[in-house]
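This report refers to the structure that appears directly beneath it.
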Amino acid sequence: MTISMVMCRPAPVREPLINMPSGSNGGQRLNLTNRTCQKEKVVLVMGATGAGKSRLSIDLATYFPAEIINSDKIQVYEGLDIVTNKVTKEDQRGVPHHLLGTQNPDSEFTAADFCDTASLAVETITGLGHLPIIVGGSNSYIEALIDDDDYRFRSRYDCCCLWVDVSMPVLHPYVAERVDQMFDKGMLNELRSFYNPNGDYSRGIRKAIGVPEFDQYFQNEAFGDEETRHRLLQQAISEVKENTCKLATKQLRKIHWLRNVKRWKIHRLDATPVFQKKGKDANESWKKLVAEPSARILAEFLCNVNTTNVDASLRLPALATALAAATC
0 MTISMVMCRP APVREPLINM PSGSNGGQRL NLTNRTCQKE KVVLVMGATG
50 AGKSRLSIDL ATYFPAEIIN SDKIQVYEGL DIVTNKVTKE DQRGVPHHLL
100 GTQNPDSEFT AADFCDTASL AVETITGLGH LPIIVGGSNS YIEALIDDDD
150 YRFRSRYDCC CLWVDVSMPV LHPYVAERVD QMFDKGMLNE LRSFYNPNGD
200 YSRGIRKAIG VPEFDQYFQN EAFGDEETRH RLLQQAISEV KENTCKLATK
250 QLRKIHWLRN VKRWKIHRLD ATPVFQKKGK DANESWKKLV AEPSARILAE
300 FLCNVNTTNV DASLRLPALA TALAAATC
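Following numbering that gives the first Met the number 0, the numbering of the sequence shown begins with 0 at its first residue and continues without gaps.
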């Protein structure tokens, strides 16, 4: 069920009470207090590669009227959809996505370019009365946007940071398995059509993990014997797995730095148990541990709804019903 609401705008302070659906939480009520909002709202979804950032952002956009802005510095480029693990149209579930596969793959899209383009996207989305959700693993881009030199972004927007965290010993095997799945989906053919022996691996989409690692394989593919080709292929796949795990560790360190050194208020959601389960059990765990707590955090952030005293077992449909009449 989608939570229907108008985004927060400056308004007189009101203190209405919204009754929860009968029997949902023993008659408790959500108290909407101090609903005056001086700034527009922006949500950031952070986390290491493979942790589920895209999944959470799309889940939230089905509960709230939202649009997604990609902040992954490689996924902004057009092409190599499998290699860069772009979210598919099907998985987007009709949610508008910005800065996803929009840039020339041979160009260099800098942090300054991201700040300019993302700021414009945020302004456009809030102008429509929608919630901008910025999601991606390039925390340096997010930091450049939020903590700009002239404090312009923070002076205009209130930010809510959500961090999907997965224990590295649990995440690393999943990331390695995902590389194998990408290979099965056609990663090699995608890379082969893109390969350029004179390509610059320090620029554009060729910086993506998966591109330079296969250089030696493609150089020898046409002339090497079968044993050499097999060895180089396995070596390339192994390097992609290793470098992806290194990236995940680096991303995690950056989040800890933003939280502990720069003192960003970041809500941590531990998704580790989700990755330790399979199938239906994993999906139920995701809803209970990640999606529903995130929606509650956003409910409080968007409408000053205090859900602290609400029954913790209350599921999203009941919460959505309670908030549907709320106008912030």
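Heads up, the beta-carbon is just placed ideally off N, CA and C, and yes, glycines get one too.
Where residue i sits in the DSSP three-state scheme
| i | result |
| --- | --- |
| HIS129 | coil |
| ASP71 | coil |
| TRP162 | strand |
| ARG177 | helix |
| ARG228 | helix |
| GLU89 | helix |
| ARG267 | strand |
| TYR150 | coil |
| ASP115 | helix |
| GLU77 | coil |
| GLN102 | strand |
| VAL273 | helix |
First through last residue of the beta strand (DSSP E) which encompasses residue i
| i | result |
| --- | --- |
| LYS40 | 39-46 |
Pair within 8 angstroms by beta-carbon distance, residue i and residue j
| i | j | result |
| --- | --- | --- |
| THR101 | GLU77 | yes |
| VAL174 | THR243 | yes |
| ASP146 | CYS114 | no |
| VAL42 | LEU161 | yes |
| ASP199 | ARG191 | no |
Beta-carbon proximity list for residue i, same chain, < 6 angstroms, skipping 5 on both sides
| i | result |
| --- | --- |
| ASP157 | LYS38, LYS40 |
| TYR216 | LEU231, LEU232, ALA235 |
| ASP105 | GLY203 |
| ILE124 | GLU66, PRO131 |
Separation of residue j from residue i, as counted between CA atoms
| i | j | result |
| --- | --- | --- |
| VAL273 | LEU251 | 18 angstroms |
| TRP256 | ILE73 | 22 angstroms |
| GLN91 | ILE57 | 7 angstroms |
| LEU29 | GLU291 | Residue placement at LEU29 is flagged as unreliable, the pLDDT there being 35, under the threshold of 50; a coordinate-derived value is accordingly withheld. |
| ASN138 | ILE254 | 7 angstroms |
| GLY22 | LEU119 | With a pLDDT of 34 at GLY22, under the threshold of 50, the modelled position of that residue is not reliable, and the figure given next carries that caveat. GLY22 and LEU119: Cα-Cα distance of roughly 44 angstroms. |
| LYS277 | TYR150 | 44 angstroms |
| ILE141 | SER70 | 7 angstroms |
| GLN275 | ALA281 | 8 angstroms |
| GLU238 | ASP179 | 12 angstroms |
| PHE222 | GLY209 | 22 angstroms |
| ARG177 | GLU225 | 26 angstroms |
Beta-carbon contacts of residue i that lie in its chain and below 7 angstroms, excluding the five residues immediately before and after
| i | result |
| --- | --- |
| PHE182 | ILE236 |
| LYS184 | ILE81 |
Endpoints, alpha helix (DSSP H) assigned at residue i
| i | result |
| --- | --- |
| GLY198 | Element bounds for GLY198: n/a, residue is neither H nor E. |
| THR61 | 52-62 |
| LEU301 | 291-302 |
| SER334 | Since the first residue of the chain shown is 0 and the last is 327, residue 334 is not available in this structure. |
| GLY278 | 278-285 |
8 angstroms Cβ shell around residue i - same chain, five flanking residues per side excluded
| i | result |
| --- | --- |
| THR1 | Summary for THR1: the model assigns pLDDT 48, below 50, so the residue's position carries little reliability; its value from the coordinates is reported in the next sentence. If we look at THR1 and ignore the five residues flanking it on each side, its Cβ neighbours are THR61, TYR62, PHE63, PRO64, ALA319. |
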